[in-house]
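Student:
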Amino acid sequence: MQPLKPSRRDPAPSRVAYRLQRLWLTPVFRIFMRAGLPVALVVGLIGGYFSQPENREAVYGKFAELRRSIEERPEFMVKLMAIDGATPSIGDDIREIVPVDFPVSSFDLDLPGIHDRIAELDAVERVDVRIRAGGILQVQIIERTPAAVWRVGQDLELLDAVGHRVAVISSRLERADLPLLAGEGAEKHVPEALALLAAAEPVRGRVRGLVRIGSRRWDVVLDREQRILLPDQNPIPAFEQVMALVQARDLLERDIIVVDMRNQNRPTLRMGRPAIAEMRRIRAAHPGAYRE
Amino acid sequence: MNDLYSTQRGMRNMRKAAMQRGVIAILDIGTSKIACLVLRFDGPDSFREVDGIGSMAGQSSFRVIGAATTRSRGVKFGEIDVMQETERAIRTAVQAAQKMANVRVDHVIASFSGAGPRSYGLAGEVNLVDSVVSEQDVSRVLAACDVPDIGEGREVLHAHPINFALDHRSGLGDPRGQIGNRLAADMHMLTVDSMVVQNLLYCIKRCDLELAGLASSAYVSGISSLVEDEQELGAACVDLGGGTTGISIFMKKHMIYTDCVRMGGDHVTLDISKGLQVPLATAERIKTFYGGVVATGMDDREMIEIGGDTGDWEHDRRSVSRAELIGIMRPRVEEILEEVRVRLDAAGFEHLPSQQIVFTGGASQIPGLDSLAPKILGQQIRIGRPLRVQGLPQAATGSSFAASVGLCLFAAHPQDEWWDFEIPLERYSSRSLKRAAKWFKDNW
Numbered sequence: 001m002q003p004l005k006p007s008r009r010d011p012a013p014s015r016v017a018y019r020l021q022r023l024w025l026t027p028v029f030r031i032f033m034r035a036g037l038p039v040a041l042v043v044g045l046i047g048g049y050f051s052q053p054e055n056r057e058a059v060y061g062k063f064a065e066l067r068r069s070i071e072e073r074p075e076f077m078v079k080l081m082a083i084d085g086a087t088p089s090i091g092d093d094i095r096e097i098v099p100v101d102f103p104v105s106s107f108d109l110d111l112p113g114i115h116d117r118i119a120e121l122d123a124v125e126r127v128d129v130r131i132r133a134g135g136i137l138q139v140q141i142i143e144r145t146p147a148a149v150w151r152v153g154q155d156l157e158l159l160d161a162v163g164h165r166v167a168v169i170s171s172r173l174e175r176a177d178l179p180l181l182a183g184e185g186a187e188k189h190v191p192e193a194l195a196l197l198a199a200a201e202p203v204r205g206r207v208r209g210l211v212r213i214g215s216r217r218w219d220v221v222l223d224r225e226q227r228i229l230l231p232d233q234n235p236i237p238a239f240e241q242v243m244a245l246v247q248a249r250d251l252l253e254r255d256i257i258v259v260d261m262r263n264q265n266r267p268t269l270r271m272g273r274p275a276i277a278e279m280r281r282i283r284a285a286h287p288g289a290y291r292e
Numbered sequence: 001m002n003d004l005y006s007t008q009r010g011m012r013n014m015r016k017a018a019m020q021r022g023v024i025a026i027l028d029i030g031t032s033k034i035a036c037l038v039l040r041f042d043g044p045d046s047f048r049e050v051d052g053i054g055s056m057a058g059q060s061s062f063r064v065i066g067a068a069t070t071r072s073r074g075v076k077f078g079e080i081d082v083m084q085e086t087e088r089a090i091r092t093a094v095q096a097a098q099k100m101a102n103v104r105v106d107h108v109i110a111s112f113s114g115a116g117p118r119s120y121g122l123a124g125e126v127n128l129v130d131s132v133v134s135e136q137d138v139s140r141v142l143a144a145c146d147v148p149d150i151g152e153g154r155e156v157l158h159a160h161p162i163n164f165a166l167d168h169r170s171g172l173g174d175p176r177g178q179i180g181n182r183l184a185a186d187m188h189m190l191t192v193d194s195m196v197v198q199n200l201l202y203c204i205k206r207c208d209l210e211l212a213g214l215a216s217s218a219y220v221s222g223i224s225s226l227v228e229d230e231q232e233l234g235a236a237c238v239d240l241g242g243g244t245t246g247i248s249i250f251m252k253k254h255m256i257y258t259d260c261v262r263m264g265g266d267h268v269t270l271d272i273s274k275g276l277q278v279p280l281a282t283a284e285r286i287k288t289f290y291g292g293v294v295a296t297g298m299d300d301r302e303m304i305e306i307g308g309d310t311g312d313w314e315h316d317r318r319s320v321s322r323a324e325l326i327g328i329m330r331p332r333v334e335e336i337l338e339e340v341r342v343r344l345d346a347a348g349f350e351h352l353p354s355q356q357i358v359f360t361g362g363a364s365q366i367p368g369l370d371s372l373a374p375k376i377l378g379q380q381i382r383i384g385r386p387l388r389v390q391g392l393p394q395a396a397t398g399s400s401f402a403a404s405v406g407l408c409l410f411a412a413h414p415q416d417e418w419w420d421f422e423i424p425l426e427r428y429s430s431r432s433l434k435r436a437a438k439w440f441k442d443n444w
């Protein structure tokens with residue numbers, strides 16, 4: 001019989017070695033050992049480290065510090081703000097509403113926010129905000145140009161050509177060069193008003209202003225208490241019709257208080273009291289003389 | 001019989017599963033070496049384009065990806081003698097082959113040479129139900145073969161249908177679909193000792209492997225070393241192994257006879273060891289380096305140092321002439337060949353149209369065998385080498401690997417055996433009817 005225990009120098013693999021090799025050659029096991037186990041180990045270690053709050057704090061703190069140190073390099077610092085295209089008063093306003101303590105890192109500047117804030121100013125039509133080389137916050141402003149004065153209650157406001165509010169003024173005399181608008185809802189129809197004023201060339205010196213009646217239609221107010229009442233639809237042709245009469249027949253030089261164009265098919269004139277009396281007198285003296 | 005039938009069917013299913021997985025190992029358990037090859041099946045003919053080899057014997061569908069050989073331990077006459085030793089040797093071979101293939105194998109097809117194979121010719125005949133032969137008819141005629149008494153403790157290893165005859169037409173390869181009245185079949189059945197097979201099964205199971213097939217090594221070395229025309233016209237393959245010499249006779253591409261002489265190369269070594277009084281290892285070395293069976297005048301002058309390590313100077317400095325060595329080897333080889341002659345005569349080999357004898361196996365490499373064998377076995381002698389298969393290492397292409405290569409071919413394309421056919425319907429019905437009757441009897 002063979003010895004019960006195999007000799008030491010047996011070339012054959014032991015049962016355990018044989019089974020282990022077969023296990024190692026099993027694809028699933030192999031994939032697990034090659035990929036699954038290392039991944040699980042790494043994930044486990046990292047997860048274990050970060051599960052401690054102090055470790056997490058330390059890593060976040062380190063990261064924030066690193067970020068800060070990069071952001072605060074002098075290359076990224078903004079030292080001053082330059083405002084171009086603005087009048088000094090608006091410039092002051094901008095400096096007031098953009099409270100930035102220079103020098104500041106360009107990473108900390110909220111350029112869209114600054115842009116929106118400046119654009120909210122009434123006097124600003126368009127604004128460009130950018131950081132120029134050399135650490136300068138460049139603010140390029142295009143201001144609104146006032147086109148009319150609008151009296152609303154006790155206040156006087158300046159409006160631009162599209163009716164946007166530009167500023168509030170205390171006295172009409174500050175901007176005597178601009179036409180005066182009044183009445184509720186006038187600011188929504190500034191282009192129409194400006195077109196009417198342009199058509200009012202023949203009575204240029206006499207126009208005192210335009211009044212919006214009932215948020216619906218325009219009255220042109222002239223001196224000597226004269227008014228031209230315009231329709232709510234197509235006021236400009238109606239006004240031009242009146243102007244043609246003015247030029248041809250000196251309509252407004254006569255004693256007429258109101259030219260009523262509200263019904264375009266039936267323009268109406270209202271005469272002054274002396275004129276009425278005069279007309280009655282003439283009619284009485286010469287019956288039928290003025291019949292047309 | 002039914003038990004074995006189901007076992008063999010189970011092995012076939014195992015083989016199918018292994019094919020689906022694509023990896024199967026073959027294990028040739030011989031007396032002098034155990035060889036393990038790992039085959040990869042990549043679907044049919046996937047290597048054909050690359051290497052320009054057609055599907056000659058189905059060897060183009062697989063590739064050898066791992067090969068390992070180890071000295072056999074605990075095997076005598078092709079049978080397991082010491083189970084633990086054999087198990088270790090199998091483990092060594094399987095592990096090395098797996099390592100080379102870098103893949104784990106679970107299914108193994110094994111071959112062994114011993115176990116006293118015995119051939120039987122079976123014949124059966126049935127009347128056809130319909131005039132056309134169906135698969136059921138084939139099954140019926142195979143079932144109708146009268147099984148001889150194979151003796152106690154023996155099992156059927158192979159059962160090949162080798163011939164079908166329809167009425168008076170014989171030699172049909174496949175009778176299905178043909179028209180006739182009477183179908184007859186011839187079957188070749190090979191039985192082996194069941195204890196040997198049981199030991200082998202146990203050994204393989206101890207190595208965590210599933211057996212997907214079992215073959216006689218005489219049969220598989222015939223598959224690999226006989227060329228196509230030899231298999232067709234009739235030839236004998238003599239596998240000169242270590243402990244046994246397997247004989248298989250092929251005709252019309254079917255094995256028709258198998259036998260085994262329980263003598264082989266190891267006996268030659270033993271004779272040398274006894275005659276020269278040297279250890280077995282030295283005797284083996286002398287045999288492989290200087291061995292031969294035909295002496296010439298030159299051999300008298302060629303002296304061989306046989307050495308020794310006894311410390312006795314006279315004893316350790318002995319030398320023999322090669323002629324003396326040949327004088328020891330030749331009688332034993334002649335004895336083996338004469339025994340082969342006896343077996344072939346008993347099988348009626350001389351009635352075959354062609355009487356080609358092909359020698360293969362490790363001991364066929366003895367120089368001079370091709371001039372000694374004709375004196376005993378007739379003129380049509382050839383020393384055969386196994387077929388070339390894909391990926392087989394150069395070291396494993398020699399004639400001693402005929403059984404391994406044949407087993408590869410067997411794994412790729414097993415011949416239809418009895419258990420590959422359908423079970424005849426009447427067996428089903430009679431059994432179920434009986435069962436139904438029994439159920440009624442038990443319950444009413």
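As given, the protein sequences belong to chains P and A, one line each in that order.
With the first letter of the first sequence counted as 1, position 190 gets the number 190 in the working numbering; the numbers rise by one all the way through.
With the first letter of the second sequence counted as 1, position 204 gets the number 204 in the working numbering; the numbers rise by one all the way through.
In this text, a Cβ means the ideal position worked out from N, Cα and C, and glycines have one as well.
Using a Cβ-Cβ distance cut-off of 8 angstroms, determine whether N102/A contacts chain P.
Tutor: Among the CB atoms of chain P, one or more fall inside 8 angstroms of the CB of N102/A.
Student: Let me make sure I understand the geometry here. Which of R21/A, A115/A, A68/A and S319/A has the alpha-carbon closest to that of Q394/A?
Tutor: A68/A
Student: Listed from N- to C-terminal order along the chain, which residues in the segment 192-224 of chain A have their beta-carbon within a distance smaller than 9 angstroms of any beta-carbon of chain P?
Tutor: R206, C207 and D208
Student: Going by alpha carbons, who is nearest to P353/A out of P161/A, D229/A and H413/A?
Tutor: The option with the nearest alpha carbon to P353/A is D229/A.
Student: Among residues of its own chain, excluding the 5 on either side of E49/A, which ones have a beta-carbon nearer than 8 angstroms to its beta-carbon?
Tutor: The predicted position of E49/A is uncertain, since its pLDDT is 49 and thus under 50; a value taken from the coordinates is nonetheless stated next. So no residue of the chain qualifies.
Student: Restricting to Cα atoms, I'd like to know which of E72/P, A147/P and E174/P is closest to L109/P.
Tutor: E72/P
Student: By DSSP's criteria, V38/A is part of a beta bridge. Which residues make up the other side?
Tutor: A25/A and G66/A
Student: Just tell me which of T145/P, L111/P, S106/P and G272/P has its CA closest to the CA of G135/P.
Tutor: S106/P
Student: By Cβ distance, which residues of its chain are closer than 8 angstroms to G391/A, with the 5 residues on each side in sequence left out?
Tutor: R63, V64 and I65
Student: With 8 angstroms set as the bound, which would you pick, yes or no: does the beta-carbon of F32/P sit closer than that to a beta-carbon of chain A?
Tutor: no
Student: Show which residues of chain A have a CB atom less than 7 angstroms away from the CB atom of P3/P.
Tutor: Per Cβ cutoff of 7 angstroms: no residues; P3/P is ~11 angstroms from chain A at best.
Student: With a floor of 4 residues, list each alpha helix (DSSP H) that falls wholly inside the segment 48-136 of chain P, ordered by position along the chain.
Tutor: The DSSP assignment places complete alpha helix (DSSP H) segments of no fewer than 4 residues inside the segment 48-136 of chain P at 53-71, 88-97 and 111-119, in order along the chain.
Student: What are the boundary residues of the beta strand (DSSP E) that includes H188/A?
Tutor: R182 to D193
Student: How far does the beta strand (DSSP E) with C260/A in it extend, from its first residue to its last?
Tutor: Element bounds for C260/A: H254 to V261.
Student: To which residues of the same chain is A119/P closer than 6 angstroms at the C-beta, ignoring the five residues directly before and after it?
Tutor: Counting only Cβ-Cβ distances below 6 angstroms, and skipping sequence neighbours, we find V127.
Student: Give the DSSP-derived three-state secondary structure of H413/A in the structure shown.
Tutor: coil
Student: Contact criterion: CB-CB distance below 8 angstroms. Does A97/A meet it with respect to chain P?
Tutor: By this cut-off, A97/A is not an interface position.
Student: Against chain P, does R63/A count as a neighbour if the rule is that its beta carbon must be under 8 angstroms from one of theirs?
Tutor: no
Student: Could you tell me whether the Cβ of G92/A comes closer than 8 angstroms to any Cβ of chain P?
Tutor: In the sequence as presented, Gly is not what sits at residue 92/A; that position holds Thr. Closer than 8 angstroms to some Cβ of chain P, the Cβ of T92/A qualifies, so yes.
Student: Using 10 angstroms around the beta-carbon of I282/P, count the other beta-carbons present and answer buried if the total reaches 16, otherwise exposed.
Tutor: Exposed, since its Cβ has fewer than 16 Cβ neighbours within 10 Å.
Student: Could you say which of V38/A, Q8/A and K16/A lies nearest to A396/A if we only look at CA atoms?
Tutor: It is V38/A whose Cα lies nearest to the Cα of A396/A.
Student: Roughly how many angstroms separate the alpha carbons of G85/P and D93/P, rounded to a whole number?
Tutor: 13 angstroms
Student: Step through the CB atoms of chain A and report whether any lies within less than 8 angstroms of the CB of P359/P.
Tutor: Not covered by the structure: residue 359/P. The range shown for chain P is 1 to 292.
Student: Which chain A residues are close to R9/P, counting only those with a beta carbon under 8 angstroms from its beta carbon?
Tutor: Here the premise fails: no neighbours, minimum Cβ distance about 13 angstroms.
Student: Would you please verify whether the beta carbon of R35/P is less than 8 angstroms from any beta carbon of chain A?
Tutor: Residue identity check: residue 35/P is Ala in the sequence provided, not Arg. So no, A35/P is outside the interface.
Student: Residue range of the beta strand (DSSP E) that A110/A falls in?
Tutor: H107 to F112
Student: So what does Y120/A bridge to, in DSSP terms?
Tutor: M189/A
Student: Between which two residues does the beta strand (DSSP E) containing T245/A stretch?
Tutor: T245 to M251
Student: The ligand PLP heavy atoms versus the CB of E201/P: any closer than 7 angstroms?
Tutor: The ligand content of the structure shown is nil, which means the ligand PLP is not present either.
Student: Which of the three DSSP states is assigned to R115/A in this structure?
Tutor: It is Ala, not Arg, that sits at residue 115/A in the sequence shown. Here A115/A sits in coil by DSSP.
Student: Of all the options R118/A, I383/A and S221/A, which has the alpha carbon lying nearest to the alpha carbon of I366/A?
Tutor: I383/A
Student: Mapping DSSP to helix, strand and coil, what is Q233/P?
Tutor: coil
Student: Does chain P have any CB closer than 8 angstroms to the CB of A89/A?
Tutor: yes
Student: Mind checking the segment 46-75 of chain P against chain A and listing, in chain order, the residues whose C-beta falls within less than 9 angstroms of any C-beta there?
Tutor: none
Student: Step through the CB atoms of chain A and report whether any lies within less than 8 angstroms of the CB of L20/P.
Tutor: Using a Cβ-Cβ cut-off of 8 angstroms, L20/P does not count as an interface residue toward chain A, since no Cβ of chain A sits closer than that to its own.
Student: Using a Cβ-Cβ distance under 8 angstroms, would L25/P count as near chain A?
Tutor: yes
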